[in-house]
Amino acid sequence: MTDQESSGGLDRRTAMKAAGATLGMAAFAKAVAPIVEWTTTGGSVDEFLQKHYRELTPDQLEVVLRRIEAETLEDYGAKVTVEDVPPLENTKFGYALNLSVCIGCRQCAEACHEENNHDRASHNSYIRVLEMDKGSMDMETGRVDYDHAVPQSDKFYMPIQCQQCDNAPCVTVCPIEATWKEPDGIVTVDYNWCIGCRYCEAACPYHARRFNWSKPEIPAAEINPDQSYLSNRIRPQGVMEKCTFCLHRTRKGKMPACLEACPTGARVFGNLLDPDSEIRWVLENKRVFVLKEELGTRPQFYYFFDE
Amino acid sequence: MTQTLPTDQDPGAAASHHHGQRFGYGRFLLRMMRMATDGSPLFYAWMIALTAIWLVGVHTWGLQVRDGMAMTHMSDHVSWGLYIANFTFMVGVAAGAVMMVIPAYLYHDREMHDLVIIGEIVAIAAIFMCLGFVTVDLGRPDRFWHMMPFFGKFNWPGSMLTWDVLVLNGYLLINLHVVGYLLYKRFLGEKPSQKWYVPFVYLSIIWAVSIHTVTAFLYCGLGGRPFWNTALLAPRFLASAFVSGPAFIIVLLLIARRFAGVTFGNGPIKTLSSIMRVTILISLVMVASEVFTHFYAGGSHSASSRYLFFGLHGKTALVPWTWTSIGTTIVAAILLFRPKVHEHAPTLVIACVLAFIGLWIEKGMGLIVPAFIPSTLHEVVEYVPSEAEWRITASIWAFGLMILTLGLKVALPIFSGRETIQSR
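Structure follows, in structure tokens:
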């Protein structure tokens, strides 16, 4: 090869490289277009830079709450209030459920669906009701997809939701402290901090956690406007959520939506630290048990039978 | 550590003085980038093909970020799938590269020492793939900074996932340092200073074990998932890593010898195939041990195994995968029995490919998915990856192969002394 040829080859090669690089850049721009589109319409810079809930000052939190209200109005066309409802002093919430009277009607699950602004398409709820064979406590005999009149005489019914464990595996495994146990015993999620790795969902032994596989869809008219930051506000896409014992209600002295919806009075909710509470009476006078006690999760959700 | 590198006698050291000024690491990196973008038509074709596959996946991932992970077939029942399966397997490949490092540095195997950089580059590419698979599994990748120590909230030491972040990135940095330093010194024709790489090499050996142990702990620490909650998981991970890593490297070495003109004796192949011959049996024994425990005792804790091997309530999506895996692994083990298998390239390559496929299934879909089936409330909801998941997965494999190709493209000429500071 002569010098001339080699330098000509080099020029051609450089030109080819430049052309290749240009084409490559164009293809790359095309490839990442959905991300660019999502960053310009999906979330704000303020949201991106937002600190962890527990590190926000009252002023900063105020700004965040108003921003979420504005986002809800823009995205869903609904005027809502998003509050921060702090835990009550000397309170630890507990829940008990009477399996003798539960008829498996799933009104609790339905009430949860509405109260907590769940995605309508997937008909999500924090409560699953198992229909179990009498004579067995093995969940392997249970079904959640039963579709017939209830109650069936040879079955009993076991609603399952977050057990608000004192030793919660979901809290332990979260890499970024996006989920934690509040002073009143409720395990909460900062929906604006969660990165959506779903490790908590793998860790939970009770199938209590849900992931937002897509952006929740709810018609404006159906949105419950009384919302709180840590509970029933409409969750963003790509983050975890779970039952919060309706803290926006219970921290104000009301009962959880699932309890109010129950037609048989199977549900008992209250403050475990109050010796005169009904929940304490149940724990002291009934034979109660917790689910999967052998795992050491120490649930604060109890089950009992009447006799 | 008294041995010297083959090119220590090169006049390169003098050459760097001829230039009058020091050839800095930054300039060296630039030179490497130039080497990485210059090659034969075959090289360009290969890189363009990989780039195309990669970009298709990047686009699909963009859609997944924008429209939500409903594009995957994961659900609240099976919340981890193909991505985490590939992640787990690639951690093994990364750790498996240490099977070259140990003979090369600990036992002063001269021939292995000349090739060890290939193993380290495989580890680097594999770790990049691991990071890729974890990233595409995130619902909110835009919030990645929440996971950065000091900036975000790092739940260490409680969460095993934070340990995994530390060990994987640490392993990546250690290998980047060792590879970069040795290549730089070789390029300059200088003798590498032992204190700048020997401690890191030893560290990388311990670290290789740690990345796989920690990844196993990620799963076996979960009491609510009986299928994972076994003390055998970490040892099983290690055994299979020391099959899949060497299997990949053997095939890579044979390709490099055949097509890239890399010359070496049969020693390294013999060492690696001897390692595989043992580790594949240990791996199989551990699987058999798990199978016995689950099926003999029975009960609801064995439901995942029943699903994996035979199907449950008529749901059998994983059964063909499982038996394929068992079949290919056993055939590979038998092929490796052949005396002097290292001298029979076709047999060896078939064995390596079969073992690689078998373990990709066993430690991927076969390990991740059944832990979710049945669910913790014993619902049987199946999972078959969506087209989007396959596209994104292929894209990360293409990305890994790109890093591997570029790494070897740069490292092989330097390490063999063909490309030095003196060559233009």
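Which chain is which? The protein sequence lines are P and E, in order. My numbering numbers the first residue of the first sequence as 872 and each following residue consecutively. My numbering numbers the first residue of the second sequence as 119 and each following residue consecutively. All C-beta atoms, glycine included, are put in the ideal place defined by N, C-alpha and C.
Asked                                                                                                                                                                              : Found
For F899 (chain P) and N1038 (chain P), what's the separation of their Cα atoms in angstroms?                                                                                      : 46 Å
The alpha helix (DSSP H) that contains Y299 (chain E), what's its start and end?                                                                                                   : 278-306
Listed in chain order, which residues of the stretch 1006-1019 of chain P have Cβ atoms closer than 7 Å to some Cβ of chain E?                                                     : D1009, M1010, E1011, G1013, V1015
Going along the chain, which residues of the stretch 271-300 of chain E sit with their C-beta nearer than 8 Å to a C-beta in chain P?                                              : K271, F272, N273, G276, S277, M278, L279, T280, V283
According to DSSP, is A967 (chain P) part of a helix, a strand, or is it coil?                                                                                                     : strand
Does DSSP classify E1002 (chain P) as helix, strand or coil?                                                                                                                       : strand
With DSSP as the reference, identify every bridge partner of I1031 (chain P), one or two as the case may be.                                                                       : P:R999
Take every Cβ of the stretch 456-463 of chain E, pair it with every Cβ of the stretch 180-194 of chain E, and state whether three or more of those distances are shorter than 8 Å. : no
Sorted by chain position, which residues of the same chain lie with C-beta nearer than 7 Å to T1012 (chain P)'s C-beta, five sequence neighbours on each side aside?               : M1003, D1004
Would you tell me roughly how many angstroms separate the C-alpha atoms of T440 (chain E) and I367 (chain E), rounded to the nearest one?                                          : 25 Å
Whose C-beta lies closer than 7 Å to the C-beta of L932 (chain P) among residues of the same chain, with five residues either side of it excluded?                                 : D955
Roughly how many angstroms separate the alpha carbons of F269 (chain E) and Q921 (chain P), rounded to a whole number?                                                             : 12 Å
Check W1051 (chain P) in the structure and name its three-state DSSP category.                                                                                                     : strand
Give the secondary structure of M1111 (chain P) by DSSP, where H, G and I count as helix, E and B as strand, and everything else as coil.                                          : strand
Contact criterion: CB-CB distance below 8 Å. Does V903 (chain P) meet it with respect to chain E?                                                                                  : yes
Rounded to whole angstroms, how far is the Cβ of I479 (chain E) from the Cβ of S513 (chain E), which I believe are closer than 8 Å?                                                : In fact, because the Cβ distance is near 20 Å, the residues do not count as touching under 8 Å.
Determine whether the Cβ of H264 (chain E) lies closer than 8 Å to any Cβ atom of chain P.                                                                                         : yes
Can you tell me where the alpha helix (DSSP H) with N1142 (chain P) in it begins and where it stops?                                                                               : Segment 1138-1142 is the beta strand (DSSP E) holding N1142 (chain P); no alpha helix (DSSP H) there.
So, at 7 Å on beta carbons, what are the nonlocal neighbours of I400 (chain E) in its own chain, with the 5 sequence-adjacent residues on each side left out?                      : A357
Can you give the Cα-Cα distance for G518 (chain E) and L168 (chain E), rounded to whole angstroms?                                                                                 : 9 Å
What span of residues does the beta strand (DSSP E) with R1081 (chain P) cover, start to end?                                                                                      : 1080-1082
Answer yes or no: do R1081 (chain P) and K1113 (chain P) have a C-beta to C-beta separation smaller than 8 Å?                                                                      : yes
Specify, as a first and last residue, the run of the alpha helix (DSSP H) that F490 (chain E) falls within.                                                                        : Looking at the DSSP string, F490 (chain E) is not in any alpha helix (DSSP H), and its letter there is neither H nor E.
Quick one: Cα of T962 (chain P) to Cα of N1142 (chain P), how far?                                                                                                                 : 6 Å
Which residues mark the beginning and the end of the beta strand (DSSP E) in which D1025 (chain P) is found?                                                                       : Segment: none, D1025 (chain P) is in no beta strand (DSSP E) and carries neither H nor E.
I'd like to confirm the pairing. Which residues does DSSP put opposite K309 (chain E) in its beta bridges?                                                                         : BP columns for K309 (chain E) are empty, so no partner.
Contact between the stretch 284-293 of chain E and the stretch 1050-1058 of chain P: three or more CB pairs below 8 Å?                                                             : no
Roughly how many angstroms lie between the CA atoms of S504 (chain E) and T190 (chain E), to the nearest whole one?                                                                : 5 Å
Note down, one range per segment and in chain order, each alpha helix (DSSP H) of at least 4 residues found wholly within the stretch 1062-1102 of chain P.                        : 1070-1074
If you measure beta-carbon to beta-carbon, which residues of the stretch 969-997 of chain P are closer than 8 Å to chain E?                                                        : none
In this structure, what does DSSP give as the bridge partners for T952 (chain P)?                                                                                                  : P:D1097
My output table needs one value for K888 (chain P): the three-state DSSP class, helix, strand or coil.                                                                             : helix
Excluding the 5 residues preceding and the 5 following Y223 (chain E) in the sequence, name in chain order all residues of the same chain whose CB lies nearer than 6 Å to its CB. : V319
Bridge partners for R1014 (chain P) per DSSP, in chain order?                                                                                                                      : P:E1002
Using a Cβ-Cβ cut-off of less than 9 Å, list which residues of the stretch 1028-1062 of chain P approach chain E; keep chain order.                                                : I1031, P1040, V1042, T1043, V1044, C1045, P1046, I1047, E1048, A1049
Where in the stretch 889-945 of chain P do unbroken runs of the alpha helix (DSSP H), each at least 4 residues long, occur, reported from the N-terminal end onward?               : 904-912, 916-920
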